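Numbering (the numbering used here), first residue to last: 282 to 378. C-beta atoms are modelled at their ideal positions from N, C-alpha and C, and glycine is treated no differently. These numbers were taken from a predicted model, which means no experiment stands behind them. As structure tokens, the structure follows; a few thoughts come after it.
Right, dumping it as structure tokens:
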């Protein structure tokens, strides 16, 4: 549901990453790595298997999210700068009577 909402609100970029948690409990696995990767690829997002207990990929998930946020911020700033350039190239005048 969250991903469908994200697609509807296309003007708003919300970084999404799929995390398969507790990857250290291999015997209790419900979703295979392949299924997680396939879903993430179909949604064009990243997939990580994580384990807080064994410190597997926890930091990598946060780094990936931070990179996505910074990338969006830089993209937004470039677009904003382009708008400012376009505005400043227009001729302006003022008439007092």
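Look at the Cβ atom of residue i, then the Cβ atom of residue j, and state whether they are nearer than 8 Å.
i           : j           : result
residue 315 : residue 337 : no
residue 296 : residue 339 : no
residue 346 : residue 298 : yes
residue 321 : residue 327 : yes
Might you give, ordered along the chain, the residues of its own chain that have their beta carbon closer than 7 Å to the beta carbon of residue i, omitting 5 neighbours on each side?
i           : result
residue 300 : 329, 331, 342
residue 335 : 305
By DSSP's criteria, residue i is part of a beta bridge. Which residues make up the other side?
i           : result
residue 332 : 337
residue 327 : 298
Using a Cβ-Cβ cut-off of 8 Å (strictly less than) and excluding sequence neighbours within five positions of residue i, which residues of its own chain qualify?
i           : result
residue 317 : 299, 301, 328, 330
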